[in-house]
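Its first residue numbered 5, the sequence shown is counted upward by one per residue in this note's numbering.
Here the structure comes first, spelled out in structure tokens, and everything after it is commentary.
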Amino acid sequence: MDGIILAGGAGTRMRPLTLDKPKPLLELRDRPILAWSLMSLRGAVDRVLVVVHHLKEQIADFMAAQDIFADYQLVEQLPEPLGTGHALLCCRDQLAGDGFLVVNGDDLYSADALRELSRQEFGLLSNARADYEHFGVVVRSPTGDFLRIHEKPPPGTYSAPAPCNSGAYKFTRAVFDYELSKSERGELEITDCISAAARDHAVAVVESPFWLPIGDPAALAAAQSVDVARWIPDLPHPPAPSRRSRST
């Protein structure tokens, strides 16, 4: 199974740190964020597609040097990043199989939760947060079925903590059957992909005990004190097969 890491954004909220370094390569507890992302996917996927654009050469150099995934591919978001849904569409012709995971390149997740997510047909990771108004709340029916994502609802809309969409998804190729429209931000949103899929498919909501969004310099500074290795263990690397990679 493939895993997609969305790493093509310019990281504008992380400036000035991202003026000369892509956000996925910023250091978190002595490792680039991207290294943690790769480690979290180990055991859930066999190959990774890394979507790039901003300072893509640095990410290409890192991927060539890392020893976490021997089988990977860089996918450039062209002509420019037009949202997370656009990043997903850029990977359509590069996917090797039917099912695949997608994770945000500036969020970290429990490796165990990602493995559980990988076993679903369609699904997303949810994490309960008291500050849900800054994120998208997972809305479910009275019987527990996923309905939609309510983006940044006003405070008081839900009882805290509320289940929030963490930005990690499981899809099949059927997701490409749905046509996306630009959001109010003028972008194609991956959240619209999972909401559209829910019209015809059951979408599992997998609760994750750990989600670390790293959106700005203050969040990165605070994350330095988080025991990330508790949720993303540095397992011994298996013998690597011959490296296979290419860019598109």
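Virtual Cβ for every residue (Gly too), placed ideally from N, Cα, C.
From a predicted model like this one, the values you see are computed outputs, not experimental measurements.
Mind reading off the beta-carbon distance from residue 48 to residue 119? Whole number of angstroms is fine, and I expect it under 8 angstroms.
About 5 angstroms; that satisfies the 8 angstroms criterion.
Under 8 angstroms: do the region 187 to 200 and the region 85 to 93 share three or more Cβ pairs, one atom per stretch?
The region 187 to 200, when compared against the region 85 to 93, does touch it at the 8 angstroms Cβ threshold.
Do residue 6 and residue 51 have their CB atoms nearer than 8 angstroms?
yes
Please say whether residue 125 and residue 140 have beta carbons closer to each other than 8 angstroms?
The answer is no: Cβ separation not under 8 angstroms.
Option in 235, 206, 92 and 188 with minimal Cα separation from residue 144
206
Report the CB separation of residue 9 from residue 109 in whole angstroms; it is logged as a contact under 8 angstroms.
5 angstroms
Helix, strand or coil for residue 28? Go by DSSP, reduced to three states.
helix
Only counting the same chain, and skipping five residues up and downstream in sequence, which positions put a Cβ closer than 6 angstroms to that of residue 159?
137
Would you tell me roughly how many angstroms separate the C-alpha atoms of residue 21 and residue 27, rounded to the nearest one?
8 angstroms
Taking the alpha carbon of residue 116 as the point to measure from, which residue in 165, 214 and 104 has its own alpha carbon closest?
Of 165, 214 and 104, the residue nearest in Cα terms is 214.
Verify whether the separation of the beta carbon atoms of residue 106 and residue 41 is less than 8 angstroms.
Taking the C-beta atoms as reference points, residue 41 is found no nearer than 8 angstroms to residue 106.
Sort 180, 172 and 228 by Cα distance to residue 122 and report the nearest one.
From the listed residues 180, 172 and 228, the smallest Cα separation to residue 122 is found for 172.
When DSSP labels each residue in this structure, what does residue 21 get in the three-state scheme?
coil
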